[in-house]
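**Q** Reading the sequence shown from the start, the letters are residues 29 to 200 in our numbering.
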Amino acid sequence: MISFSTGGWRFHLRAAAIVLHGDAVLLHRLADDPFWALPGGRVEIGETAEAAVKREMQEELGVDVQVQRLLAVVENLFSYRGQPQHGLEMHFLVALPPDSPLLNCAPFERVEEGGVGLDGHATSHARLHFRWFPLGEIGSIDLRPAFLSDFLASGIAAGTTHIAHIVHDDRR
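1) So, using beta-carbon positions, are Phe39 and Val81 closer together than 9 Å?
2) To the nearest angstrom, report how far apart Arg109 and Ala52 are at their CA atoms.
3) Is the Cβ-Cβ distance between Ala59 and Ala154 less than 9 Å?
4) Flag this pair as yes or no: are the beta carbons of Ala181 and Leu156 separated by less than 9 Å?
5) Near Val195, what residues of its chain come up, given a Cβ to Cβ distance below 6 Å and the 5 sequence neighbours on each side ignored?
6) Whole beta strand (DSSP E) runs in the stretch 43 to 78 with 3 or more residues, listed along the chain?
7) Is it true that the stretch 83 to 91 meets the stretch 62 to 70, where meeting means three or more beta-carbon pairs spaced less than 8 Å apart?
8) Between Leu171 and Glu117, is the Cβ-Cβ spacing less than 9 Å?
9) Excluding five sequence neighbours on each side, which residues of the same chain lie with their C-beta closer than 7 Å to the C-beta of Leu98?
10) Using the Cβ count rule (16 or more neighbours within 10 Å means buried), how would you classify Ala77?
11) Using 9 Å as the threshold, is the C-beta distance between Val91 and Leu130 below it?
12) If you measure from the CB of Pro112, is any heavy atom of the ligand ATP nearer than 8 Å?
13) What is the C-beta distance between His56 and Asn132, in whole angstroms, given that I count them as a contact (C-beta under 8 Å)?
14) Residue range of the beta strand (DSSP E) that Ser107 falls in?
15) Would you report the Cα separation of His114 and Ala174, rounded to the nearest angstrom?
16) Using a 10 Å radius around the Cβ and a threshold of 16 neighbouring Cβ atoms, would you call Glu165 buried or exposed?
17) Over what stretch of residues does the beta strand (DSSP E) that includes Ala192 continue unbroken?
18) For Ala181, name the three-state secondary structure that DSSP assigns.
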């Protein structure tokens, strides 16, 4: 995966899925994190970001998705568990199969075997919680990066035809 530490920072190239269904968006969070995020993960060496988002959705949800289009390229500067992070993220509009049991389902948890955390350390498994959130309510949850609340709620994700370039600095 394209993730490394340098100069006290952790860098990663990430592909994320914006999965919309009706007026809701699918979000996930690690079991021990207080915030929600778009599902997805790090791009592997030699892999395109589009292929990475398909692979991550298969690994995390067990479903083959259709990548519709790239919506945003995000330069994301933030802190995670005390370490500064620099993420370059590709956010794709993604569709689940029309007969997917994940559409309109209750919140659920998946366990992903193996992987590397944002701190760069290997993990044996990650417990991921998934939930559909109505777009009108995402302003009231801790969603990161924080710009996503406005980006998704304003309908930009669903209606735009251009690729947004977003620079977000949310170091805490």
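We treat Cβ as the ideally placed atom computed from N, Cα and C, and that holds for glycine.
**A** So, from the data block:
1) If you number the sequence shown from 1, residue 39 lands on position 11. If you number the sequence shown from 1, residue 81 lands on position 53. Their beta carbons are not under 9 Å apart, which means Phe39 does not touch Val81 by this criterion.
2) Position 81 of the sequence shown, counting from 1, holds the residue named residue 109. Position 24 of the sequence shown, counting from 1, holds the residue named residue 52. Looking at the two C-alpha atoms, the distance is approximately 29 Å.
3) On the sequence shown, position 31 is the one that residue 59 refers to. On the sequence shown, position 126 is the one that residue 154 refers to. For Ala59 and Ala154, yes; Cβs fall inside 9 Å.
4) Within the sequence shown, numbered from 1, the residue matching residue 181 stands at position 153. Within the sequence shown, numbered from 1, the residue matching residue 156 stands at position 128. The answer is no: Cβ separation not under 9 Å.
5) As a first step, residue 195 must be located in the sequence shown, where it is residue number 167. The answer, listed in chain order, is Glu103.
6) 52 to 58, 68 to 70
7) yes
8) Taking the sequence shown and counting its residues from 1, the one referred to as residue 171 is at position 143. Taking the sequence shown and counting its residues from 1, the one referred to as residue 117 is at position 89. No.
9) Within the sequence shown, residue 98 is the residue found at index 70, counting from 1. Correct list, in chain order: Met118, Phe120, Ile191.
10) Taking the sequence shown and counting its residues from 1, one reaches residue 77 at position 49. Flag for Ala77 reads buried.
11) To locate residue 91, count along the sequence shown from 1; it is residue 63. To locate residue 130, count along the sequence shown from 1; it is residue 102. Cβ distance < 9 Å, so Val91 and Leu130 count as in contact.
12) No copy of the ligand ATP occurs in the structure displayed, which carries no ligand at all.
13) Working through the sequence shown from its first residue, we reach residue 56 at position 28. Working through the sequence shown from its first residue, we reach residue 132 at position 104. At roughly 17 Å, the Cβ-Cβ gap does not stay under 8 Å, so His56 and Asn132 are not in contact.
14) Translated into positions along the sequence shown, residue 107 becomes position 79. Start and end: 94 to 108.
15) If you number the sequence shown from 1, residue 114 lands on position 86. If you number the sequence shown from 1, residue 174 lands on position 146. Distance between the alpha carbons of His114 and Ala174 is about 15 Å.
16) Looking up residue 165 in the sequence shown gives position 137. Looking at its Cβ environment, which holds fewer than 16 other Cβ atoms inside 10 Å, Glu165 is exposed.
17) Within the sequence shown, numbered from 1, the residue matching residue 192 stands at position 164. Taken as a continuous stretch (DSSP letters only), the beta strand (DSSP E) holding Ala192 covers 192 to 198.
18) Here residue 181 refers to the residue found at position 153 of the sequence shown. Three-state DSSP puts Ala181 in a helix.
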